[in-house]
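There are 2 protein chains.
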Amino acid sequence: MLDTPRRREIEDAASALFRERGYVATSVRDIAHALDIRGPSLYAHVTSKEDVLWAIVDRAASRFERTADRALAADADPADRLAALVAAHISVITADPGEASVFVAEWRHLSGDRRQAILERRDAYERRFRDLIADGMADGTFALTDPAVAATFLLSALNGIAGWYRPEGRLAADRIADHFVDLAVRALTEVHR
Amino acid sequence: MLDTPRRREIEDAASALFRERGYVATSVRDIAHALDIRGPSLYAHVTSKEDVLWAIVDRAASRFERTADRALAADADPADRLAALVAAHISVITADPGEASVFVAEWRHLSGDRRQAILERRDAYERRFRDLIADGMADGTFALTDPAVAATFLLSALNGIAGWYRPEGRLAADRIADHFVDLAVRALTEVHR
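Protein chains in written order, with the numbering used here: chain A, 1 to 193; chain B, 1001 to 1193.
Here it is as structure tokens:
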């Protein structure tokens, strides 16, 4: 498959439909209809609906991974690194909420090796959160918790944004990120009364 | 529709299938097959797949509402009330994760008046969190935040449990609840360093 502008249009139209009605309920014909082309013409660009899903999920995973690694590269204390990681994750979602919500909600419709590959990348991505939380617990920055549970708590909260974020909504993306960073860092930080 | 034991069996089988593969990808025939009965016999008990979805979502909504109201009835400070509300929400999920995850993820496949009714009940449920957060901000218990954003943050984190919780998993339901209560209360609480 070539990475052509047409191909990208197809993936964007598919992302929007998968987000709105789900992968299973979207047909190749629906995607073609959204682009105002005939179904058979679409097959010049894609070989199957699952190929389109894979292309979207793979690209989203790469964006999450690249952005997180950049955020974690700074030499900062665990609280600041967590703030950077949370802000990075949210920036990936709000930059392309359609793609992000397909990554978050529809990856389970992949099958075979692709499903396995994404499961492993999701786990490695989540490990960035777990390891950072464990680092912060070790140096006393963070309260004692279960790093896996805390990572799941944070990622569920963050990934929820992919479902409800609308660019025209009440709050701009960077205000949402500010609030979420505060909530996330406080969630991990011991309260001294 | 009668509330018979058979009817409850049908809803439980449907919850498990809707959770596993989604509402759209599950047919009435699949539900009948899971119960080892023939499709036509199922129609003696249910009139449509959406009726089954509605019954599950309606019952789950009632459980969330009732349990939250009981948790909020105590005369306690905002932090303790939030702890009780979070623990209550998690107890509803872990008591019946199949039903809870249909409520969380599949309600959008309802149509017409039922969809509208559930949208309103979801909003009223979320308002319990928003109002409590606003109360805690007003009396200085909680850090300044946007109550709607903070409520969404918490409910996304909590509802994520419906997707990953397994009774046979590493952590018992009450340990998960303990960790989540700590994370949620800290997320709202000002850190004094």
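Even glycine gets a Cβ: it sits at the ideal position worked out from N, Cα and C. Here the structure is a predicted model, which is why all the values come from computation and not from measurement.
Per DSSP, what kind of secondary structure is residue i in: helix, strand or coil?
| i | result |
| --- | --- |
| T1152(B) | helix |
| T1189(B) | strand |
Give a yes or no on whether the minimum CB-CB distance between residue i and chain B is below 8 Å.
| i | result |
| --- | --- |
| V24(A) | yes |
| G160(A) | yes |
| T152(A) | yes |
| D182(A) | yes |
| R186(A) | yes |
My understanding is that residue i touches residue j, with C-beta atoms under 8 Å, so please give their C-beta distance in whole angstroms.
| i | j | result |
| --- | --- | --- |
| P78(A) | D139(A) | 7 Å |
| I1090(B) | A1177(B) | 4 Å |
| I133(A) | L85(A) | Actually they do not touch by this definition, with Cβ atoms about 10 Å apart. |
| R130(A) | A143(A) | Wrong, their Cβ atoms sit about 15 Å apart, outside the cutoff. |
| E1011(B) | A1055(B) | 6 Å |
| A1087(B) | V1181(B) | 6 Å |
| A1184(B) | L1082(B) | 7 Å |
| H45(A) | R7(A) | 5 Å |
| E1050(B) | S1111(B) | 7 Å |
| R121(A) | A61(A) | 5 Å |
| I161(A) | I93(A) | 5 Å |
| G22(A) | G1022(B) | 7 Å |
| T1026(B) | L1035(B) | No, T1026(B) and L1035(B) are not in contact; Cβ-Cβ is about 13 Å, not under 8 Å. |
| H109(A) | V24(A) | 7 Å |
Can you find a C-beta in chain A that's less than 8 Å from the C-beta of residue i?
| i | result |
| --- | --- |
| H1179(B) | yes |
| T954(B) | Beyond the ends of chain B as shown, which are 1001 and 1193, falls residue 954(B); an answer cannot be given. |
| D1080(B) | no |
| V1149(B) | yes |
| S1156(B) | yes |
| T1094(B) | no |
| D1146(B) | yes |
Tell me whether residue i is buried or exposed, calling it buried when 16 or more other Cβ atoms sit within 10 Å of its Cβ.
| i | result |
| --- | --- |
| A105(A) | buried |
| Y43(A) | exposed |
| R1186(B) | buried |
| T1004(B) | exposed |
| T1152(B) | buried |
| E99(A) | buried |
| L155(A) | buried |
| T1047(B) | exposed |
| W1107(B) | buried |
| P167(A) | exposed |
| A74(A) | exposed |
| G194(A) | The structure shown has nothing for residue 194(A), since chain A only spans 1 to 193. |
| D1146(B) | buried |
| P97(A) | buried |
| L1158(B) | buried |
| G39(A) | exposed |
| G1169(B) | exposed |
| R70(A) | exposed |
| R1128(B) | buried |
| S1101(B) | buried |
| A68(A) | buried |
| A95(A) | exposed |
| R66(A) | exposed |
Does the ligand ADP have a heavy atom nearer than 7 Å to the CB of residue i?
| i | result |
| --- | --- |
| R1021(B) | Among the components of this structure there are no ligands whatsoever, and the ligand ADP is therefore not found. |
Chain A contacts from the segment 1126 to 1142 of chain B (Cβ-Cβ distance under 9 Å): none
Interface residues of the segment 1164 to 1176 of chain B facing chain A [CB-CB below 9 Å]: W1164, R1170, L1171, R1175 and I1176
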